[in-house]
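**Student:**
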Amino acid sequence: MRSRAFKYCISAFMGAALCLASSLSGAQDYPNKPVKILVGYVAGGSPDFVARALAQKLSDILGQPFTVENRPGAGGVTATGQMSKLPADGYTLLLGDTSQLGIAPHIFKTLPYDTLKDLTPIAGITYEPLMLVTNAKSNIKTMQELLAHVKANPGKVNYGSSGIGSIHHISMEVLKADAGLDIAHIPYKGSGQSVPALLAGDVPVLLTAFTASAPHIKAGTMNLLAVTSGKRWSRYPDTPSLSEFVKDYDYQAETGLLGPAGMPPAIVNRLSAAVKQATESPDFMAKFKDTGFSVIYTNAPQYGDIIRKNLAKYDRAVKMAKIQAE
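Heads up: the sequence shown is residues 84 to 409, going by our numbering.
#1: Residues in its own chain within less than 8 Å of Thr150 by CB, not counting five upstream and five downstream?
#2: Measuring CA to CA, which of Val122, Ala206, Gly128 and Gln111 is closest to Ala295?
#3: What number of angstroms, rounded off, separates the C-alpha of Trp211 from the C-alpha of Trp316?
#4: How many Å lie between Tyr397 and Gly185 at the Cα?
#5: Between the alpha carbons of Met166 and Pro279, how many angstroms are there, rounded?
#6: What does the alpha-carbon distance come out to for the pair Ala411 and Asp331?
#7: Can you tell me which of the three DSSP states Pro343 falls into?
#8: Could you name the residues of the same chain whose beta carbon sits closer than 6 Å to that of Pro148, not counting the 5 residues immediately before and after it, in chain order?
#9: In the DSSP output, which residue or residues are listed as bridge partners for Asp180?
#10: Tell me the rounded alpha-carbon separation between Leu413 and Pro347.
#11: Is it buried or exposed for Ile379, if we count other Cβ within 10 angstroms and need 16 for buried?
#12: Determine whether the beta carbon atoms of Gly421 and Val310 lie at a separation below 8 Å.
#13: Which residues in the same chain as Ala395 place their Cβ atom closer than 7 Å to its Cβ, once the five residues preceding and following it in sequence are excluded?
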């Protein structure tokens, strides 16, 4: 019996050793063919911009073509679901964002994926705070003036966003609840509608993206009141963060690289190290100089922790926004 048990243990040990050797060998050979990065939005948008900049650098670093494939639909949900069902071999990846990973699980009754169970976090890449702005002709030019005006006129002030369930809408509803503001939501179909509405005076307050507001802030046609990051943003160091008015407030659009669940750790580590090298390169950073993105690399465990925290944070936020799951 002892001899049989001993042989079984040796066999199990050898099997584990062979699996480890195979995994390490696969990682050393990886990649040995082209790699796809799926983007769940149309070409030209923010996630697409990040994905294409990253793909170019990863191609240089890892010696195989990394190509971007746009598969728009359901706010990134379609591409995420498709990617999560593919082989976990590192040859089809996803450029994911906050909407797909942190918000969608709380606003859809059913999803084709489970953020925590069906995906492998590889690396966090960018953060993008949102801008709280008013029309430059408005008497509201600071956050303090906005708070005073809304509290003096409960239920009479509106704010605009890029639509129901957008990060702009959800983030503003958290501000409303935590700051005790009675301000009504006017949803628009993206910044292409909401920004002109603000400039025309149809809505007095808007929470929007940097890319949509920056030209108008620079031109002096918008007042920038605050940013949604947890601390002041280096691009506008004199502009307060909303965390200065609401404790622990921190809502930003984030992007990262993911794969299907079950990816070999050695391949995850190889990809994550390559992303780190890419994001720290001067030419990669230069591409983001005049954008709203802050390039901040986080490794796989750190990025996974961010995703878990975001799921909890946006669960509370969606409930505050009273969004009915579809």
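Cβ atoms here follow ideal geometry from the backbone N, Cα and C, with glycine treated the same way.
None of the values given here were measured: they were computed from a predicted structure.
**Tutor:** If we stick to the structure as given:
#1: Pro117, Val118, Lys119, Ile120 and Ala138
#2: Gly128
#3: This sequence places Glu at residue 211; Trp is not what is there. Each residue's alpha carbon lies about 10 Å from the other.
#4: Using only the alpha carbons, I get a separation of about 6 Å.
#5: The alpha-carbon atoms of Met166 and Pro279 are separated by roughly 36 Å.
#6: Since the first residue of the chain shown is 84 and the last is 409, residue 411 is not available in this structure.
#7: strand
#8: The answer, listed in chain order, is Pro117 and Ser142.
#9: Thr338
#10: With the chain covering only 84 through 409, there is no way to say anything about residue 413.
#11: exposed
#12: With the chain covering 84 to 409 only, the question about residue 421 has no answer from this structure.
#13: none
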